[in-house]
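Take a look at the structure set out below.
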Amino acid sequence: MPIIYFDNAATSWPKPDCVIEEMRRFLKESGANPGRSGHRLSVQAGRKLYETRLFGFADPLRLVFAHNATMALNLALSGLLRAGDHVITSSMEHNSVMRPLRHLERRGVALTVVTCAADGTLDPERLEGEIRPQSRMIVLNHASNVTGTLLPVREAGRLARRHGLLLLVDAAQTAGAVPIGMSSNSIDLLAFSGHKSLYGPTGTGGLIVGERVDHRLIEPLMHGGTGSRSEHEKQPDFLPDRLESGTPNTIGLAGLAASARWLLDRGIDSCREQEIDLTRRLIDGLKSIPGVVLYGPGDPARQTATVSFGIEGLSPSDAGLRLDEEFDIQCRVGLHCAPAAHRTLGTFPHGTVRFGLGLFNSGAEVDHALSAIETLRPGSRH
Amino acid sequence: MFIAWKGLALKPVYTVLLVPSAQHAVRAEKVLLDAGLVCKLIPVPRQIASDCGVCVRVVQSETEKARRILAQAGLEVEGVHRLL
Chain A
1 MPIIYFDNAA
11 TSWPKPDCVI
21 EEMRRFLKES
31 GANPGRSGHR
41 LSVQAGRKLY
51 ETRLFGFADP
61 LRLVFAHNAT
71 MALNLALSGL
81 LRAGDHVITS
91 SMEHNSVMRP
101 LRHLERRGVA
111 LTVVTCAADG
121 TLDPERLEGE
131 IRPQSRMIVL
141 NHASNVTGTL
151 LPVREAGRLA
161 RRHGLLLLVD
171 AAQTAGAVPI
181 GMSSNSIDLL
191 AFSGHKSLYG
201 PTGTGGLIVG
211 ERVDHRLIEP
221 LMHGGTGSRS
231 EHEKQPDFLP
241 DRLESGTPNT
251 IGLAGLAASA
261 RWLLDRGIDS
271 CREQEIDLTR
281 RLIDGLKSIP
291 GVVLYGPGDP
301 ARQTATVSFG
311 IEGLSPSDAG
321 LRLDEEFDIQ
331 CRVGLHCAPA
341 AHRTLGTFPH
351 GTVRFGLGLF
361 NSGAEVDHAL
371 SAIETLRPGS
381 RH
Chain B
383 MFIAWKGLAL
393 KPVYTVLLVP
403 SAQHAVRAEK
413 VLLDAGLVCK
423 LIPVPRQIAS
433 DCGVCVRVVQ
443 SETEKARRIL
453 AQAGLEVEGV
463 HRLL
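Chains A and B, in that order, give the protein sequences. The first sequence lines up with residues 1 to 382 when you count with my numbering. The second sequence lines up with residues 383 to 466 when you count with my numbering.
In structure tokens:
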């Protein structure tokens, strides 16, 4: 069997052919600087950039491009939280949320980390108990990058509205894989990456700024040229220019437009169904292997296609090496940049074996991996 | 868009609409074209502003219609200038 790629939760691969073709076409035919020069190729590049924004939100100009979800999260957190503010997050967050928050904590922002259950789920009432007069924001991932566990963003959104807080959602693991209603879930800020479940190239992502957020209060991460208001040395105050300085990754974003179109043509709901079927096959298989410990909800409807597990008597790092060398299975083992999540699951510091399934994986690949795990199990008769 | 008159080609009169940025211009272009109004994105003429971006050019007689359509789409027009 050729290489089995189960690391889609880090970066999806392969990419749809249309993404590669679009990037090639863009670079060959209109790879100019968008919105700087006013000539035909520049305008064409600007149109492509705008086309990519269309997949985001009701007002495309409130979608700010970033290089990845980490940059988008940093922009939202550092841009909005000030000394004296209080922020609430969960213990299932990735370091892309934890590290900026710990940094802000040193600058005088108060932080509360609400502990999730051992399967990564969060009782939204626990969030409400932590709200103080200084609370300004709730930050939650939509789904954990370790166990795929979906967090209750809808309930968090209702809470945030009721108490006048902002809700920032880290959708790195779900954008493209799980339908996200920004307004129906009362999400004020949504950070996403383009290279995971949106099937775009690396170096793409963004922050969608909801209508309730006064964008003039978001301090930019970077100041610089925007192609607009060139006569002023002061950063423009309108979106997206205020938060998008410097030449963007236009070729990557052209690829992202192609992948987003590809996903919408297939239908996000049917893609989700496909991943649920595959995840169920994997989870059911893992549950039937003695000595395998499954982490997370163990229910495909309550998680993404990312599944974490351990094999008794075998360290995750050894398991990962043998899966690669003996079975050509590419997966990610260890802490997955989420130490807090692993502490929650009780898997710190060794971590877990993580299979991140995607739309290009097949049931046969899952079956092959399951028999590989059966073989790896210490004491197995294989 | 030239008008022939007694064998002479007369240049049509245009106005340009200034919007905050190039991405606003692309959005304006899409909104106007979707509404069936012909327009073109051109570099901001130097005599109008020192901006290095683009603006939206329309035939002068359609200026008000264009402004109305853009206003309905929530797009701010920062300035209207007759193109000489």
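Think of the CB as a built atom: it goes at the ideal place given N, C-alpha and C, for glycine as much as any other residue.
Using 8 Å for Cβ pairs, my map puts residue i next to residue j. What's the rounded Cβ distance?
i, j, result
"A/Leu49", "B/Gln405", "7 Å"
"A/Thr409", "A/Thr149", "A query on residue 409 of chain A cannot be resolved here, the shown segment of chain A reaching from 1 to 382 and no further."
"A/Thr347", "A/Val307", "Actually they are not in contact, since the Cβ atoms of A/Thr347 and A/Val307 sit about 13 Å apart, beyond 8 Å."
"B/Ala448", "B/Val440", "5 Å"
"A/Thr304", "A/Thr174", "6 Å"
"A/Leu256", "A/Gly176", "The pair is not a contact, with the Cβ atoms about 10 Å apart (cut-off 8 Å)."
"A/Pro77", "A/Pro100", "In the sequence as presented, Pro is not what sits at residue 77 of chain A; that position holds Leu. With a Cβ gap of about 5 Å, A/Leu77 and A/Pro100 count as contacting."
"A/His195", "A/Ser12", "7 Å"
"A/Pro297", "A/Thr352", "Not quite, the Cβ-Cβ distance comes to about 14 Å (not below 8 Å), so this is no contact."
"A/Ala9", "A/Gly356", "3 Å"
"A/Glu93", "A/Ala301", "Not confirmed; about 22 Å, so no contact."
"A/Asp170", "A/Ser96", "7 Å"
"A/Pro248", "A/Phe26", "Incorrect: roughly 13 Å between the Cβ atoms, too far for contact."
Tell me whether residue i is buried or exposed, calling it buried when 16 or more other Cβ atoms sit within 10 Å of its Cβ.
i, result
"A/Ile373", "buried"
"A/Ile311", "buried"
"A/Asp7", "buried"
"A/Gly224", "exposed"
"B/Val395", "exposed"
"A/Ser288", "exposed"
"A/Met222", "exposed"
"B/Gly456", "exposed"
"A/Asp284", "exposed"
"A/His336", "buried"
"A/Lys234", "exposed"
"A/Lys28", "exposed"
"A/Ser186", "buried"
"A/Gly129", "exposed"
"A/Gly84", "exposed"
"A/His342", "buried"
"A/Leu264", "exposed"
"A/Leu73", "buried"
"A/Pro378", "exposed"
"A/Leu253", "buried"
"A/Leu104", "buried"
What residues in its chain sit with their C-beta under 6 Å from that of residue i, if we drop five residues either side in the sequence?
i, result
"A/His163", "Ile131"
"A/Arg266", "none"
"A/Ser135", "His86, Leu165"
"A/Arg62", "Val209, Leu239"
"A/His215", "Val209, Leu239"
"A/Leu282", "Val307, Val366"
"A/Ser193", "Asn68, Ala69, Ala172, Gly205"
"A/Thr212", "The residue asked about is misnamed: residue 212 of chain A is Arg in this sequence, not Thr. Cβ within range, chain order: Asp188."
"A/Leu370", "Gly285"
"A/Cys116", "Ser90, Ser91, Met92, Leu122, Thr344"
"A/Arg53", "Pro60, Leu63"
"A/Lys446", "Summary: the structure shown does not reach residue 446 of chain A, with chain A confined to residues 1 through 382, and so no result is reported for it."
"A/Gly35", "Gly46, Gly227"
To which residues of the same chain is residue i closer than 8 Å at the C-beta, ignoring the five residues directly before and after it?
i, result
"B/Ile451", "Val413, Leu414, Ala417, Leu419"
"A/Ile138", "Val87, Ile88, Thr89, Leu127, Ala156, Leu159, Ala160, Leu165, Leu166, Leu167, Leu168"
"B/Val462", "Thr397, Val398, Leu399, Leu400, Thr445, Arg449"
"A/Val292", "Leu286, Phe309, Gly310, Ile311, Glu312, Ile373, Arg377"
Would you mind telling me which residues of chain E sit closer than 8 Å to residue i, beta carbon to beta carbon, in chain order?
i, result
"A/Asp241", "Any reference to chain E falls outside this structure, whose protein chains are A and B."
Given residue i, which residues of its chain have a CB within under 7 Å of its CB, disregarding the five upstream and five downstream residues?
i, result
"A/Gln330", "Ile3, Ile4, Tyr5, Phe6, Asp7, Asp324"
"B/Ser403", "Gly435"
"B/Glu411", "Cys421, Leu423, Val438"
"A/Thr226", "Pro236, Asp241, Glu244, Ser245"
"A/Leu376", "Ile311, Leu314, Ala319, Arg322"
"A/Gly363", "Leu278, Arg281"
"A/Thr202", "Thr11, His195"
"A/Met98", "Ala340"
At a threshold of 7 Å, does residue i count as lining the ligand NAD (C-beta to nearest heavy atom)?
i, result
"A/Pro179", "For the ligand NAD, the structure offers nothing, since it holds no ligand at all."
Item to check | Contact residues within the segment 211–237 of chain A, judged by C-beta distance below 8 Å to chain B | outcome: Thr226, Gly227, Ser228, Arg229, Ser230, Glu231, Pro236
Item to check | alpha helix (DSSP H) runs contained entirely in the segment 78–164 of chain A, provided each spans 4 or more residues | outcome: 95–106, 124–128, 153–163
Item to check | Positions along the segment 54–88 of chain A whose CB lies within less than 8 Å of some CB in chain B | outcome: Asp59, Pro60, Leu61
Item to check | Interfacial residues, the segment 240–270 of chain A to chain B, with Cβ spacing under 8 Å | outcome: Pro240, Asp241
Item to check | Within the segment 338–367 of chain A, ranges of the beta strand (DSSP E) (whole runs, at least 3 residues) | outcome: 352–356
Next on the checklist: So if I threshold CB-CB distances at 8 Å, which residues from the segment 43–54 of chain A count as touching chain B?
Outcome noted: Val43, Gly46, Arg47, Leu49, Tyr50, Arg53
Item to check | Cβ-based contacts, 8 Å cut-off: residues of the segment 19–39 of chain A near chain B | outcome: Pro34, Gly35, Arg36, Ser37, Gly38, His39
Item to check | In chain order, each alpha helix (DSSP H) run of at least 4 residues that lies wholly inside the segment 255–290 of chain A | outcome: 268–287
Checklist entry - In the segment 1–58 of chain A, which residue ranges form an unbroken alpha helix (DSSP H) of at least 4 residues, counting only runs that do not cross its ends? => result 17–29, 40–53
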